[in-house]
Amino acid sequence: MTETTNIKAYGTAAAEAPLNPMDISRRIPTAHDVQIEIQYCGVCHSDLHTAKNEWHGTIYPCVPGHEIVGKIVRVGDHVSKFKVGDTVGVGCIVDSCRECQYCQEGLEQYCEPGMTGTYNSPDKYLGTPTFGGYSESVVVDENYVLRIPENLDLAATAPLLCAGITTYSPLRHWNVGPGHKVGIVGIGGLGHMGIKIAKAMGAHVVAFTTSESKFAEAKRLGADEVVLSKDEDQMAAYKGKLNFILDAVSAEHDINAYLNLLRVDGSLALVGAPENPLPVAAFSLIMGRKSFAGSMIGGIAETQEMLDFCGEHNIVSDIEMIDMQQINVAYERLLKGDVKYRFVIDMASI
Ligand SMILES: [Zn+2]
Ligand SMILES: [Zn+2]
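In my numbering, the protein residues as written are 107 to 456.
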């Protein structure tokens with residue numbers, strides 16, 4: 107039997123219930139585990155979707171949080187990659203089968219039997235759901251733990267673990283770099299990271315927004331140009347001009363309007379998750395051999411690569427710090443898009 111200890115957390119017992127303090131069990135570190143005292147945890151839109159069962163399949167009680175940073179306070183007997191005192195991070199993945207082709211290739215996020223999510227996945231050790239970062243501490247196999255560059259502000263680094271890798275991975279996969287014109291659609295939690303990372307990769311960045319009030323912000327974040335997406339003339343000026351588009355919008359929007367902006371062989375990758383199917387006109391793709399694609403977070407090695415890249419280029423998220431007790435208000439504000447650009451919970455407040 108796996109030995110456990112009780113710790114403080116914040117979670118919810120039902121879809122309609124607010125988040126409240128609760129006690130949860132964490133396993134005592136086994137041979138390859140590290141125990142991390144959580145200092146900060148980012149608030150991702152997925153946390154809210156899962157807590158409220160909007161994607162269905164939430165197992166209650168649910169403790170969200172997969173943008174975790176903190177310090178190692180205990181290591182298992184055979185841990186070789188980390189030691190007590192190390193500053194580390196945990197993103198969306200805490201385990202996977204480690205044997206399928208995707209795991210072998212470092213694509214744990216697409217593990218065939220399914221990765222173990224940081225929350226709301228079956229916990230291999232305890233038989234409960236996994237519980238996320240809205241908690242005092244977490245115990246994770248060292249192979250799923252990331253090293254945090256020392257020069258980065260720790261609280262502002264937390265969102266890199268989900269929002270950062272979600273945008274970095276497709277930008278890398280589609281070889282974004284110098285000489286490329288890249289569109290970033292939507293300037294929110296994901297989009298603001300997309301702008302910073304694409305710019306640091308050397309691309310010419312064109313940000314698309316529905317709100318003129320975000321023009322100055324987009325430029326401040328690093329966009330070379332900003333386009334008001336509801337203005338047809340502004341959109342027409344970019345027809346056939348972009349090599350790649352990262353679409354970070356979770357609301358309904360006209361995907362064909364963006365596919366028309368791609369050059370021949372250009373790709374548009376979705377990282378946002380609109381609730382309803384998006385209609386795609388065949389001619390939007392045929393005329394120019396274009397690809398309509400999607401991407402989900404990134405593997406462990408690539409997440410480390412992203413963190414190191416952000417360390418080199420001094421990239422962190424723009425955050426608003428909250429106490430744990432403010433989480434329900436933060437969720438309400440998140441629903442209205444009222445945050446610049448990520449809430450991060452100071453876990454000392456729990
Ligand atoms: Zn997330
Ligand atoms: Zn696998």
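Ideal Cβ positions, reconstructed from N, Cα and C, are used throughout, including at glycine.
Proximity to residue i [Cα-Cα], best of the options
i	options	result
Y225	D201, E211, Y208, E248	D201
M296	D353, K287, G285	Residue 296 is actually Leu in this sequence, not Met. L296 has its Cα closest to that of D353, out of D353, K287, G285.
L277	A262, I361, A304	A304
S397	S319, W280, E122	W280
L327	V386, M299, Y216	M299
L391	D452, I165, L365, T409	L365
V377	P385, V386, I351	I351
I293	D371, H138, S423	S423
L252	E418, Y437, N420, D414	D414
M393	F237, G372, T316	G372
M107	R133, Y344, S227, P124	R133
S131	V169, H151, D259	V169
K347	A306, A388, G289	G289
Q141	V196, P284, K158, A329	V196
C217	Y166, E205, V312	E205
D429	S401, A261, E256, P235	A261
R180	C209, E323, I144	I144
L267	G233, G223, S227	G223
N382	A357, R395, G117	A357
I244	A379, D139, G308, A407	What sits at residue 244 in the sequence shown is Val, not Ile. When only C-alpha atoms are compared, the closest one is D139.
C150	G417, A379, E318, F389	A379
T193	A436, D259, H184, G163	D259
A121	E160, I406, A375	E160
A137	T234, M221, N249	N249
Q152	T316, G191, E338, F449	The question names Gln, yet the displayed sequence has Ser at residue 152. Of the candidates T316, G191, E338, F449, the one whose C-alpha sits nearest the C-alpha of S152 is F449.
F314	A306, D337, C203, G163	D337
E408	I199, L384, P127, A363	I199
R439	L154, V333, K287, K187	L154
P385	L368, H184, A363	A363
Any non-hydrogen atom of ligand 1 within 7 Å of residue i CB
i	result
S356	no
S401	no
S152	yes
C268	yes
H298	no
C147	no
H172	yes
C198	yes
Local conformation of residue i per DSSP, three classes
i	result
P124	coil
F350	strand
E411	helix
A119	coil
G378	coil
T136	coil
A387	coil
I361	helix
I293	coil
Y166	coil
G191	coil
Y447	coil
L367	coil
T73	Nothing can be reported for residue 73, as the shown portion of the chain is limited to 107 through 456.
S131	strand
G394	coil
S275	helix
D452	strand
S152	helix
G283	coil
I406	helix
G457	Because residue 457 is not part of the residues shown, which for the chain are 107 to 456, the question remains open.
G459	The requested residue 459 is not part of the displayed model; the chain covers only 107 to 456.
G176	strand
C-beta neighbour in chain C for residue i, strict 8 Å
i	result
I456	The chain inventory of the structure shown lacks chain C, comprising one protein chain alone.
For a minimum of 3 consecutive residues, which ranges assigned as the beta strand (DSSP E) are wholly contained in the region 298 to 348?
310 to 315, 331 to 334
Of all residues in the structure, which have a C-beta closer than 7 Å to any heavy atom of ligand 2, taken in chain order?
S202, C203, R204, E205, C206, Y208, C209, E214, C217, E218, P219
Ignoring anything shorter than 4 residues or poking outside the region 415 to 443, list the alpha helix (DSSP H) runs there in chain order.
433 to 441
If we require 4 or more residues per run, which alpha helix (DSSP H) segments fall completely within the region 196 to 266?
207 to 210, 260 to 263
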